[in-house]
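Chemist: So the number in my numbering is just where the residue sits in the sequence shown, counting from 1, plus 234.
Structure below; questions to follow.
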Amino acid sequence: MDSRNLDELTDFERSVGAVSIASEDLRVGDVLVILKECHRVDRIKPYVGPQVDDGTFPPGTRVACYAGEREITLTSPRCRILPRSDPQ
235 MDSRNLDELT DFERSVGAVS IASEDLRVGD VLVILKECHR VDRIKPYVGP
285 QVDDGTFPPG TRVACYAGER EITLTSPRCR ILPRSDPQ
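Right, here's the structure in full:
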């Protein structure tokens, strides 16, 4: 894990207007900002695998699915999204 503040945005994240949220608050339809790209989340599923069993990933780790079959495992407690148009 890098040493930067988990709420601190990168230059790219600031340039697209990203906001930091708790990863557990990510929901279908959010636009995830990651690796200098923006991806609309199609679905979210629980992570299942040995990394939870051996303690590498915390219990409750989730996987965000986008662009059909692409997936990203959310291992950080925070993630970046574009602002939601309908705050719930």
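All C-beta atoms, glycine included, are put in the ideal place defined by N, C-alpha and C.
1. Distance check for I255 and A301, CA to CA, integer angstroms please.
2. Starting from D276, trace the beta strand (DSSP E) in both directions and tell me its first and last residue.
3. Starting from V250 and walking both ways along the beta strand (DSSP E), at which residues does that stretch end?
4. Is the CB-CB distance between V275 and V262 below 7 Å?
5. Over what stretch of residues does the beta strand (DSSP E) that includes V267 continue unbroken?
Modeler: Concretely, from the data shown:
1. Residue 301 sits at position 67 when you count from the first residue of the sequence shown. Residue 255 sits at position 21 when you count from the first residue of the sequence shown. Whole-angstrom Cα-Cα distance: 21 Å.
2. Within the sequence shown, residue 276 is the residue found at index 42, counting from 1. That run of the beta strand (DSSP E) goes E271 to P280.
3. In the sequence shown, residue 250 corresponds to position 16, counting from 1. From DSSP, V250 is part of no beta strand (DSSP E); its letter is neither H nor E.
4. Translated into the one-based positions of the sequence shown, residue 275 becomes position 41. Translated into the one-based positions of the sequence shown, residue 262 becomes position 28. Cβ distance < 7 Å, so V275 and V262 count as in contact.
5. To locate residue 267, count along the sequence shown from 1; it is residue 33. Taken as a continuous stretch (DSSP letters only), the beta strand (DSSP E) holding V267 covers V265 to I268.
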